[in-house]
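K.L.:
All residue numbers for the sequence shown refer to this note's numbering, where the first residue is 75 and numbers rise by one.
Glycine included, every Cβ here is placed at the ideal spot set by N, Cα and C.
If you're wondering where the values come from, they're calculated on a predicted model, not measured in any experiment.
Here it is, the structure in full.
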Amino acid sequence: MATTKKTHTTKKTTAKKTPSKSVSSKKGSKAVKARPQTWRFYVVTIGIFLVAVATVVVIALFTSSVIAKNSTKARLDRINDIYATINVGDSYIPTMVNVFGDKRPYDWGGDAGKGRTYSSAIYYTHGDTVSNTVADLDQKIKAAGFEKFDEPYPGSVAIQYHYKSAKGEYVRLTVSSKPYNDAWSNATSMKQEVPESVYAMDKNAGPSSVTLKVNLDDNNE
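Now the structure itself:
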């Protein structure tokens, strides 16, 4: 009886290839475009501009301040130099000093006072008659380079002379009798009528009250 041999056959199995996953999924396959940062650019630009403007303003203010201080110092030095050049001497005792270098606008006289400035002033007491004091100071002021050009109140109780230098600087001299001034002031301070005896006082009697004013801008009080 014939026999048949069974042959064992093996099936070759091939591994199923799994589809490789792409780096980006289908949903995210489209690359997201970066949004332009325009607003940041504007913010930075404006910030830089503001800092630059602030810096310029600060520098301008600082420079202006330095120039003003230098100008004030130069004016003060010149005014002090004028007083030193006049050199009233030790016989003149200062009672009040109001010397400054900055321009102080004159606030009287309405439109007529516009553009004018206050004068620096030194007040003295001098142990001599009014006439002798005036003669002494007149000589010293002229020797300092000033020329007398005006006597606004001739015949007044207080003698006043105005002087001017070739540089356009001004000096005002006012001299009056201190005893008369004190008597008149005492009566008015007590709200009393000034007695005739005060008006009859010698207006040339010493000691003398002296006011010496200096102005670099104009002939003003």
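1) Between Thr199 and Pro281, is the Cβ-Cβ spacing less than 8 Å?
2) Give the secondary structure of Gln266 by DSSP, where H, G and I count as helix, E and B as strand, and everything else as coil.
3) With distances taken from CA atoms, which of Thr169, Thr146, Ser145, Val173 is nearest Ala158?
4) Using a Cβ-Cβ cut-off of 7 Å (strictly less than) and excluding sequence neighbours within five positions of Ser96, which residues of its own chain qualify?
5) Can you tell me whether Asp164 is buried or exposed, with buried defined as 16 or more other CB within 10 angstroms of its CB?
6) Which two residues bound the contiguous beta strand (DSSP E) that contains Asn289?
7) If you reduce the DSSP assignment to three classes, tell me which class Ser259 lands in.
8) On a CA-only basis, which of Leu150, Ala209, Val231, Ile167 is nearest Arg178? Give me that one, please.
9) Give the range of the alpha helix (DSSP H) segment to which Asn172 is assigned.
10) Is it buried or exposed, Phe123, if we count other Cβ atoms within 10 angstroms and call 16 or more buried?
P.N.:
Result, derived from the coordinates:
1) Walking along the sequence shown from the start, residue 199 turns up at place 125. Walking along the sequence shown from the start, residue 281 turns up at place 207. The answer is yes: Cβ separation under 8 Å.
2) Numbered from 1 along the sequence shown, position 192 holds the residue referred to as residue 266. Three-state result, Gln266: coil.
3) In the sequence shown, the residue the question calls residue 158 occupies position 84. Of Thr169, Thr146, Ser145, Val173, the residue nearest in Cα terms is Val173.
4) Walking along the sequence shown from the start, residue 96 turns up at place 22. A caution first: Ser96 carries a pLDDT of 47, below 50, which makes its placement in the model unreliable, though a value can still be read off. Nothing meets the Cβ criterion.
5) What you label residue 164 is simply residue 90 of the sequence shown in a count that begins at 1. Exposed, because fewer than 16 other Cβ atoms sit within 10 Å of the Cβ of Asp164.
6) Sequence index remark: in the sequence shown, residue 289 carries index 215 (1-based). That run of the beta strand (DSSP E) goes 282-289.
7) Within the sequence shown, numbered from 1, the residue matching residue 259 stands at position 185. Three-state DSSP puts Ser259 in a helix.
8) Here residue 178 refers to the residue found at position 104 when the sequence shown is read from its first residue. Among Leu150, Ala209, Val231, Ile167, the Cα nearest to that of Arg178 is on Leu150.
9) Taking the first residue of the sequence shown as 1, we reach residue 172 at position 98. First-last for Asn172: 166-172, but that is the beta strand (DSSP E), not the alpha helix (DSSP H).
10) By one-based count along the sequence shown, residue 123 stands at place 49. Exposed: under 16 other Cβ atoms inside 10 Å.
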